Structure formats: structure tokens, C-alpha cells
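Number of protein chains: 2
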Amino acid sequence: MDERAALKLLAGKLPDAGDDAAVVDGLVITTDMLHETTDFPTGTERYTAGWRAVGASLSDVAAMGAKAVAAVAVYADAGFDRDELEAFVAGASDVCESVDARYVGGDLDTFAEFTATTTALGRTDDPVLRSGARPGDVLCVTGTLGRSGAALRLFEDGETERANDLFRFEPRVAAGRALAPYATAMMDSSDGLARSVHQLSEASDCGFSLDSDAVPVAESVREVAENEDDERALSLFFGEDFELVLTLPEDHVSAARKASPTPIFVVGTVTDSGVTMDGEPLPDRGYTHG
Amino acid sequence: MDERAALKLLAGKLPDAGDDAAVVDGLVITTDMLHETTDFPTGTERYTAGWRAVGASLSDVAAMGAKAVAAVAVYADAGFDRDELEAFVAGASDVCESVDARYVGGDLDTFAEFTATTTALGRTDDPVLRSGARPGDVLCVTGTLGRSGAALRLFEDGETERANDLFRFEPRVAAGRALAPYATAMMDSSDGLARSVHQLSEASDCGFSLDSDAVPVAESVREVAENEDDERALSLFFGEDFELVLTLPEDHVSAARKASPTPIFVVGTVTDSGVTMDGEPLPDRGYTHG
């Protein structure tokens, strides 16, 4: 069984799971594991790793439209270097502070490969699920896409300072809170826009029609992309951008735009079935998390 | 820096951490990572692994005197076998149910070694910390000690059914809740009684005087121990029993005993300084978590 099949099996067994975060008793909780070989390219500073690992979990809280309360992490490594550990904790603390949450520690573990498991906790009485999109709604994203894909190119090119900077994204907690009253469905774009839209399609039993010209591409992507196809690959399929992907009634777009501290862009509409871009099928392809 | 030194460094940086669970905003949260090679002996069923991994985090919630709300886990393995995954989830769900909490899923991760990171969440407005023990209080433990040490011997001897049975402990959430109004300090015995008492001594800036005859030894330890020294090693130093270790005023013992659904045993008294058993120094030795 591959990871996606296994996740599907779990979703059937655990009705509280299967969204960006599990909902229980007015709280949302979400957990992720990241590894050096699969998630932190050579050149990733430990401060960036702490920021990004905890930020990924905070992004799931944001995707539920919840207030972020706290985060914890297990920091596992073959040995504990004081500077590295302090940098990780500083990054984890700073990303929490950026969304008014508290980093309250966690645990250490001796392990062959640097690995971080992060858990974030939020509060909401009215979580926004993936399942509420309705035909006629519009599809929006916050911010711009492709930033993490661009960072990876820069890591490969040895431009580590710029790459680290791009790798430290701002979890969209404030935007998620502001957009929650308008959104019919919401998730984060951690698997890329294309796969996210397919996931919304499945959860809401609807289709989507996207317009490629409307997709907001990060400036950094334009700098590193070799051509238009490459730009498209980085902004649609690479993922790991941790922007919000949401649906809402068209007549709420103006109010939602005013409420959100992060710009939102209309990139398509909700249809009855099928996921297309510019009239062609949009492949269900994206970042498969290691 | 070894793991204990690194934990000390973190405790200084993160004042909310350092107890069995972090306390934030009426909630307690705790996270742990367990690995096949260090935490699950050959013969450990996946159902037992799910029960035990999630149970270890629920035990930390119990040690704060909190109500258990929910738990999540990241299940990482080289591949996903349907039966193994379902068994893990069943064990995780059952241990949650045993303490009136909900297992709400988590995430999957492809990784070389079977690894589970569990996080548990609880609620309390009045957490019991490790720091409140006062000279004159008595020292108590719930249940009996040495069960996990005995299980390990049985795993080594190939008696896996019995060993799995002993490995699935009951997190002391109900006892923790019942004892919280009486306890001045509390923690769980995951590192063994000896090390736990040293940790309480440091957190509360006090000493302890223990009486070896009063230490409740699990029946299973008597079955597997080679001699008295061995019995002592298994019940005092091995750890991983997940019983509660607590202090309370002597005149509350009778009421606490009536309130607790799990038997409690008085094993010593709180003194000004030094940790002794039968008048001799008790080594700060125990299970060092891998």
C-alpha cells in the first residue's frame, strides 16, 4: 500500500481525521514529521528548519480558520549540538510568535537522521472543512505560489541565504481567521495547487475550472524558472508553499478581500465535476510528502 | 551535549516546557517519539505498539492531573502494511477510549525504521507540577512497579503473548484526576522510580527518604527476577511503567486513597535534601530514553 492509499484507509477509520487538522471539542490539532533527507535541502539552516517545521503545522491550523494556540516539537538527531538546537528552538519560537501562538517545547530524541515532528494546536468553534465547496462558488488562493520550488532551485545553486529566506514562510493564520466567515471550503497548498484542488474536489464532491493566467506566481519563480513550462511546474505542482486554497460565494469576494491581511486571488470557479485548467484536464500531480 | 544536558538547556529557554506536559491556556500538551530498535522489542505486536506509544503520551497528561481530550500520531515506516497499520490504529484508539479521550488520527510518513510520534492533549485549569513537594509530605506511587522490565525479559524469552499483554499499560488518567486535589507534586514513572524521585527532588528543591520494603513490586517481576538484586533493578530503575509518582500531605493520604480508582502506596517521605533509600543514597539511574 502506498502512502496515499494508506491515508485513505485511515480516513475511513477515523472520521475526525482527513482534513488539514483534526477537530475535537472546540480544538484543532495537527501533526507532521519532516526529515533531513526529504524535507531540508543541503544548506537549510537549523533556524529555518525550526521555523518551517513548526510553520507547516501552524499552516494546517490556519487552513481550519482557527486561532493558533501553541506548538510542540520532537527534535531528533544523532547528537545534540548546542548552536543547532538553540537555532531550531529560536526558529520554532519566532514562527509561533508571528502568529500569536506559543512554542512550548516538546522532546528530544537520539536518532540517526535529523528529524522533526511538530504538532500545532488551535481553537475554533466553527472550523472550515474541505467539504463545503458548492458549484457556483469561486476558487481563491492567498499570496503567490512557487516560492518553495524557487527556494529549492536556489539551494541547488548554492544561494543558501536567499533560499533560507524563501523557505521561511508566514503561516496564514490571520488570513485564515479573517476568511473563515466567508469560506465554504479551505485547505493549505502544501501539496501544490493542482493536487489541493483535486483534494477539495474529492472532499466536496464537485469540480473546478481554473484559469492559468489568474494563478499568482511568486516573483522568485520568475527569477529561477527556465521557461514557461518550468514556471508552471513550480507554481502549480511543486507545492510546499503553505498558502490557503479556498472557495467562497462570488458575492463575498469583495468583503473577503477587505477582511484578509494577505491578498487573495480568484483563480477559478467551482463546477459540478472534473478538474480543468483553461479547458484541459489538470493532472492530479504534486508534491508527495516523504 | 548528551540528551539530558540538551533537555536542561531547553528547559531554561522554554519555561512552559520541562514538566511532564507543557501547560498553555487551560490545556496541557505533550509529545514523544518512539522507535522500533529502541522502544519496541522483537515480538511487539503493532496493536501493542499503538496502545503503548499513545499511552505514553496520555500518561504525561495523567501526570498533570488533567482530563485527557485527544491524541494524534505520526506513523512512519518503510512501507504500509494494511494489517499492521490497522492494528496500530486499533491499539491507539483503544487506549484513548480507556481514558475517555479520542484518537483523531495524524499523519503517515515513509521512513526507514518504524517510528511513532505521539501527541496527547488534556484540559485542566489547575495542573499539578513537579515543583510543589514540601518537606513533611509523603511520597506515593500508584499501582505496582516493574511491569515493563518484566515484559522485556519475557520478550527475550520468546513469551510474546504475555509480554505484549504486560506492555499494554493503563494510563493513570482517572487516578491523576482523582489525586490532583491532594497532590503537591506529581509526575509519571516513565524513567523509573529512582530517577523520577531525583527529578522531583530537583524540581521541588527538596530531598526524599524511601523505604525499600514499601515499594510495590509487580507480581510479574517476582516471576522473572533472578534474585533480589534483579527484582530491585527491575522495579526501581528500569522504568517505563507509567505509574504516577506523587507527594501529598500525610493527613490527606486516607482521603486520596479513597478517591483514587488505582491503589496508592506510601513509599517514603519528603525531606530537606538528599535522596536516600533505607538510609543509603539512591542512585540517579534509570531508563535513558533513546
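Residue numbers (the UniProt record's numbering), protein chains in the order written: chain Z, 1 to 290; chain D, 1 to 290.
For each residue, glycine too, the CB sits at the ideal point set by N, CA and C.
Note that this is a predicted model, so its numbers are computed, not measured.
Classification of S273 (chain Z) by the beta-carbon crowding that lies within 10 angstroms, buried from 16 upward: Mapped onto the first sequence, residue 273 (chain Z) falls at position 273. With fewer than 16 other Cβ atoms within 10 Å, it is exposed.
R82 (chain Z) touches chain D at which residues, Cβ-Cβ below 7 Å? Here residue 82 (chain Z) is taken as the residue at index 82 of the first sequence, counted from 1. Chain D residues near R82 (chain Z): M1, L9.
Using a Cβ-Cβ cutoff of 9 Å, what residues of the stretch 106 to 138 of chain D are near chain Z? List them in chain order. Taking 9 Å as the cut-off between beta carbons, the residues of the stretch 106 to 138 of chain D near chain Z are G106, D107, L108, D109, T110, F111, A112, E113, T115, T117, T118, T119, L121, R123, in sequence order.
CB contact below 8 Å: V99 (chain D) versus chain Z: Residue mapping note: residue 99 (chain D) aligns to position 99 of the second sequence, counting from 1. Judged by the 8 Å Cβ criterion, V99 (chain D) is not in contact with chain Z.
Under 8 Å between C-beta atoms, does V74 (chain D) make it to chain Z? Translated into positions along the second sequence, residue 74 (chain D) becomes position 74. For V74 (chain D), the answer is yes, since a Cβ of chain Z falls inside 8 Å of its Cβ.
Taking the beta carbon of N227 (chain Z) as the centre, do at least 16 other beta carbons fall within 10 Å, making it buried, or is it exposed? Here the question's residue 227 (chain Z) lines up with position 227 in the first sequence. Counting Cβ neighbours within 10 Å, N227 (chain Z) comes out exposed, since fewer than 16 surround it.
Starting from the C-beta of A112 (chain D), find all residues in its chain whose C-beta is less than 7 Å away, skip the five residues before and the five after it, and write them out in chain order. Residue 112 (chain D) sits at position 112 when you count from the first residue of the second sequence. If we look at A112 (chain D) and ignore the five residues flanking it on each side, its Cβ neighbours are A78.
Looking at K8 (chain Z) and V89 (chain D), is the spacing between their C-beta atoms short of 8 Å? Mapped onto the second sequence, residue 89 (chain D) falls at position 89. Mapped onto the first sequence, residue 8 (chain Z) falls at position 8. Result no, Cβ atoms of V89 (chain D) and K8 (chain Z) do not sit closer than 8 Å.
Quick one, are the C-beta atoms of V141 (chain D) and L200 (chain D) less than 8 Å apart? Here the question's residue 141 (chain D) lines up with position 141 in the second sequence. Here the question's residue 200 (chain D) lines up with position 200 in the second sequence. Going by C-beta atoms, V141 (chain D) is not nearer than 8 Å to L200 (chain D).
Along the stretch 184 to 215 of chain D, where does the CB come closer than 7 Å to a CB of chain Z? Name the residues. Answer in chain order: no residues at all.
Count the other CB atoms, across all protein chains shown, that sit within 10 Å of the CB of S254 (chain D); report buried if there are 16 or more and exposed otherwise. Mapped onto the second sequence, residue 254 (chain D) falls at position 254. Exposed.
Nearest candidate by alpha-carbon position, reference T117 (chain Z), set Z:F80, Z:D126, Z:V72: Here residue 117 (chain Z) is taken as the residue at index 117 of the first sequence, counted from 1. Ranking Z:F80, Z:D126, Z:V72 by Cα distance to T117 (chain Z) puts Z:V72 first.
Going by DSSP in three states, Y182 (chain D) sits in which element: helix, strand or coil? The count along the second sequence starts at 1 and reaches residue 182 (chain D) at position 182. Coil.
Which residues DSSP lists as bridging R123 (chain D), in chain order: Numbered from its first residue, the second sequence carries residue 123 (chain D) at position 123. Beta-bridge partners of R123 (chain D) (DSSP): D:L27, D:K67.
Looking only at its own chain, which residues have a Cβ that is under 6 Å from the Cβ of A56 (chain Z), when we skip the five neighbours before and after it? Here residue 56 (chain Z) corresponds to residue number 56 of the first sequence, with the count starting at 1. Within the same chain, A56 (chain Z) has close Cβ partners D32.
Can you tell me whether P15 (chain D) is buried or exposed? The criterion is at least 16 other CB atoms within 10 Å of its CB, across all chains shown. Within the second sequence, the letter at position 15 stands for residue 15 (chain D). Exposed, since its Cβ has fewer than 16 Cβ neighbours within 10 Å.
Going along chain Z, which residues have a C-beta under 7 Å from M33 (chain D)? Walking along the second sequence from the start, residue 33 (chain D) turns up at place 33. Taking a Cβ-Cβ cut-off of 7 Å, the neighbours of M33 (chain D) in chain Z comprise V74, A76, D107, D109, T117, given in sequence order.
With which residues is L139 (chain Z) paired in a DSSP beta bridge? On the first sequence, position 139 is the one that residue 139 (chain Z) refers to. Paired residues: Z:T247, Z:G268.
Could you round the C-beta distance between L152 (chain D) and V99 (chain D) to whole angstroms and report it? I think they count as a contact, below 8 Å. Looking up residue 152 (chain D) in the second sequence gives position 152. Looking up residue 99 (chain D) in the second sequence gives position 99. Wrong, their Cβ atoms sit about 24 Å apart, outside the cutoff.
Kindly list, in the order they appear in chain Z, the residues whose Cβ is closer than 9 Å to that of A70 (chain D). Residue numbering aside, residue 70 (chain D) sits at position 70 when the second sequence is read from its first letter. Simply D16, A22, V24, D25, L27, I29.
Along chain D, in chain order, which residues have C-beta atoms closer than 8 Å to that of L85 (chain Z)? What you label residue 85 (chain Z) is simply residue 85 of the first sequence in a count that begins at 1. By Cβ distance, chain D contributes M1, A6, L9, L10.
What are the partner residues of S209 (chain Z), as DSSP defines its beta bridges? Position 209 of the first sequence, counted from the first residue, corresponds to residue 209 (chain Z). Beta-bridge pairing links S209 (chain Z) to Z:T269, Z:T276.
To which residues does DSSP link L145 (chain D) through a beta bridge? Looking up residue 145 (chain D) in the second sequence gives position 145. Bridge partners of L145 (chain D): D:V217.
Going by C-alpha to C-alpha distance, which of D:V221, D:G239, D:V224, D:A180 sits closest to A259 (chain D)? In the second sequence, counting from the first residue as 1, residue 259 (chain D) sits at position 259. Taking only the C-alpha atoms, the option nearest A259 (chain D) is D:A180.
Alpha-carbon to alpha-carbon, S148 (chain D) and L154 (chain D): Numbered from its first residue, the second sequence carries residue 154 (chain D) at position 154. Numbered from its first residue, the second sequence carries residue 148 (chain D) at position 148. Approximately 10 Å between the Cα atoms of the pair.
Out of curiosity, what's the CA-to-CA distance linking A17 (chain Z) and A11 (chain Z)? Stepping through the first sequence from its first residue, residue 17 (chain Z) is reached at position 17. Stepping through the first sequence from its first residue, residue 11 (chain Z) is reached at position 11. If you take the alpha carbons of A17 (chain Z) and A11 (chain Z), they lie about 6 Å apart.
According to DSSP, simplified to helix, strand and coil, what is V128 (chain D)? On the second sequence, position 128 is the one that residue 128 (chain D) refers to. It is coil, neither helix nor strand.
Should T42 (chain D) be labelled buried (16 or more other beta-carbon atoms within 10 Å of its own) or exposed? Counting from one through the second sequence, the residue named residue 42 (chain D) turns up at place 42. An exposed status is given to T42 (chain D), since fewer than 16 other beta-carbon atoms sit within 10 Å of its beta-carbon.
Interface residues of chain A facing V270 (chain D) [CB-CB closer than 8 Å]: The question asks about chain A, but that chain is absent: this structure's protein chains are Z and D.
Beta carbon proximity, V89 (chain Z) to chain D, threshold 8 Å: Translated into positions along the first sequence, residue 89 (chain Z) becomes position 89. With 8 Å as the cut-off, V89 (chain Z) counts as an interface residue toward chain D.
Which residues in chain D sit within 7 Å of R102 (chain Z), going by Cβ to Cβ distance? Counting from one through the first sequence, the residue named residue 102 (chain Z) turns up at place 102. In chain order: D16, V24.
Pick out whichever of D:L108, D:C206, D:L129 has its Cα sitting closest to the Cα of A62 (chain D). Counted from its first residue, the second sequence places residue 62 (chain D) at position 62. The shortest CA-to-CA distance from A62 (chain D) to any of D:L108, D:C206, D:L129 is the one to D:L129.
Can you tell me whether A150 (chain Z) is buried or exposed, with buried defined as 16 or more other CB within 10 angstroms of its CB? Translated into the one-based positions of the first sequence, residue 150 (chain Z) becomes position 150. Burial state of A150 (chain Z) is buried, judged by a 10 Å Cβ sphere holding 16 or more other Cβ atoms.
contact_flag[the stretch 104 to 111 of chain D, the stretch 21 to 32 of chain Z] where n(CB pairs < 8 Å) is 3 or more: A contact is defined here as three or more CB-CB pairs under 8 Å, and the stretch 104 to 111 of chain D meets this definition with respect to the stretch 21 to 32 of chain Z.
Compare the C-alpha of D191 (chain D) against each of D:V245, D:V267, D:V270 and name the closest. Numbered from 1 along the second sequence, position 191 holds the residue referred to as residue 191 (chain D). Just measuring C-alpha positions, the residue of D:V245, D:V267, D:V270 sitting nearest D191 (chain D) is D:V245.
Short of 6 Å in beta carbon distance, which residues of its chain neighbour G132 (chain Z), apart from the five on each side in sequence? Order them along the chain. Along the first sequence, read from residue 1 onward, the residue named residue 132 (chain Z) stands at position 132. If we look at G132 (chain Z) and ignore the five residues flanking it on each side, its Cβ neighbours are T184, A185.
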